[in-house]
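For reference, the structure discussed in these notes is given below.
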Amino acid sequence: MHIVTALMAGLVFGIGLIVSGMTNPAKVLGFLDLAGRWDPSLAFVMGGAILVGLVAFGYARKRERTLFGAAMRLPTATHVDRRLVMGSLAFGAGWGLAGYCPGPALASLVSGGVKPAIFTLAMLVGMVLYDILDRVSAAGARSQA
Amino acid sequence: MIDWIHFTPWTALGGGVLIGLAAAVFVLFNGRIAGISGILGGLLRPARGDMGWRLAFLAGLVASPVCYGLVSALPEATVAADEGTLVVAGLLVGVGTRYGAGCTSGHGVCGISRRSPRSLIATAAFMLAGFVTVYVVRHALP
């Protein structure tokens, strides 16, 4: 059953992205262009999502198990470090260059022609690159210890 | 100056509520954060019993335009970036979201909903970088 709910969540998430206009990079860039003609829509998308999210996560936080009885797997990290900030800055720069973040790129794969496919492929390469760099630096840290 | 022609508050809010509902279903039934970069990135480091729900969520996300298309015509999408820019942007988003442990969905929507200061700082950082990048590309470069 948890496979079915995961599929449904992905589907509704994607439909939300399409309805909200976030699968259109021009609209996302319209939000990021504060000095130009500014389109505040993205803030309303986040506002609507967070409004529902506050209720859902507020309830989830009080539960030890999911509605299916499995363990909750919420993030435990609370620290703010260089990785978090530098990584997020790099992500934001890429987001501002193309107008795609991971969700909208995936939700455009079958309908958006070759451009979201190029972006997604490069994004996957970037993720693999991270895994390699992360492994190398972890091995380096171990050999120093 | 607000772009009143393109500003769509109601569909933005409605779509946002759907995204929030999807995140709600995912946390309450699957016990996990609906963070796209994390779900996708985890596929690249396969662990036992960890692949099914990731693939199912991503399959739903990728299939969403097909389902939407059954009911209504898909909205127009304009990608101004050329192929080279898309490659650079994709690499930055791939590496950046993994180092930063999240993107617009995991930090922006779910993290802020969990009232996580860590996610709030990540969101501020990627928003700031997005604003600065678009400013430089559109207004500062000749």
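Heads up: the protein sequence lines correspond to chains A and B, in order. All residue numbers for the first sequence refer to my numbering, where the first residue is -16 and numbers rise by one. All residue numbers for the second sequence refer to my numbering, where the first residue is 10 and numbers rise by one. Every residue, glycine too, gets a C-beta built ideally from N, C-alpha and C.
| Query | Result |
| --- | --- |
| Stretch pair the region 106 to 124 of chain A + the region 85 to 101 of chain B: three plus CB contacts closer than 8 Å | yes |
| Chain B within 8 Å of Ile115 of chain A, Cβ atoms only | no |
| Proximity winner among A:Gly96, A:His62 and A:Met(-9), relative to Gly29 of chain B (alpha-carbon distances) | A:Met(-9) |
| Paired residues, beta bridge with Arg48 of chain A - DSSP | A:Ala54 |
| Strand pairing of Ile11 of chain B, partner residues [DSSP] | A:Trp21 |
| Simplified DSSP assignment, three categories, for Asp117 of chain A | helix |
| Continuous alpha helix (DSSP H) stretch holding Tyr83 of chain A: start and end | Looking at the DSSP string, Tyr83 of chain A is not in any alpha helix (DSSP H), and its letter there is neither H nor E. |
| Near-chain B residues of the region 27 to 41 of chain A - C-beta to any C-beta below 7 Å | Phe27, Val28, Met29, Gly30, Gly31, Ala32, Ile33, Leu34, Val35, Gly36, Leu37, Ala39 and Phe40 |
| Own chain, CB closer than 7 Å to Gly31 of chain A, minus 5 neighbours either side, in chain order | none |
| Delimiting residues of the alpha helix (DSSP H) encompassing Gly23 of chain B | Pro18 to Val34 |
| For Leu25 of chain A and Met5 of chain A, believed in contact at Cβ under 8 Å, the rounded distance | 7 Å |
| Candidates A:Ala39, A:Gly19 and A:Asp117, of which the one nearest Gly70 of chain A by Cα | A:Asp117 |
| Neighbouring residues, chain A, relative to Leu95 of chain B (Cβ below 7 Å) | Ala81, Lys98, Ile101, Phe102 and Ala105 |
| For Ser81 of chain B and Met136 of chain B, the rounded distance between their alpha carbons | 32 Å |
| Three-pair Cβ contact test at 8 Å for the region 40 to 52 of chain A versus the region 65 to 73 of chain B | no |
| Residues within the region 73 to 96 of chain B neighbouring chain A, beta-carbon criterion of under 8 Å | Ser73, Pro74, Val75, Cys76, Tyr77, Gly78, Leu83, Pro84, Glu85, Ala86, Thr87, Val88, Ala89, Ala90, Glu92, Thr94, Leu95 and Val96 |
| Backbone secondary structure at Ala133 of chain B - three-state DSSP | helix |
| Counted within 10 angstroms of its Cβ, other Cβ atoms place Asp22 of chain A as buried (16 or more) or exposed | buried |
| Rounded C-alpha distance that separates Gly123 of chain A from Gly78 of chain B | 50 Å |
| Contacts around Gly117 of chain B, its chain only, beta-carbon distance under 6 Å, and the 5 residues preceding and following it disregarded | Thr132 |
| Contacting residues, own chain, Cβ-Cβ under 8 Å from Ser128 of chain B (five flanking each side not counted) | Gly111, Gly115, His116, Gly117, Cys119, Gly120 and Ile121 |
| Residue closest to Phe27 of chain A, alpha-carbon to alpha-carbon, out of A:Leu0, A:Asp114, A:Val(-5) and A:Pro85 | A:Leu0 |
| Residues in the region 59 to 74 of chain A having any Cβ partner in chain B nearer than 8 Å | Ala60, Thr61, His62, Val63, Arg66, Leu67, Val68, Met69, Gly70, Ser71, Leu72, Ala73 and Phe74 |
| 8 Å Cβ cutoff, Asp12 of chain B in contact with chain A | yes |
| C-beta neighbour in chain B for Thr45 of chain A, strict 8 Å | Checking the sequence shown, residue 45 of chain A turns out to be Lys, not Thr. Chain B, which has no Cβ nearer than 8 Å to the Cβ of Lys45 of chain A, makes this no. |
| Beta-carbon gap between Ala43 of chain B and Gly75 of chain A smaller than 8 Å | no |
| Burial state of Ser73 of chain B, where buried means 16 or more other Cβ atoms lie within 10 Å | buried |
| Pairwise C-alpha distance: Cys84 of chain A and Lys45 of chain A | 31 Å |
| Cβ of Gly123 of chain A within 8 Å of any chain B Cβ | no |
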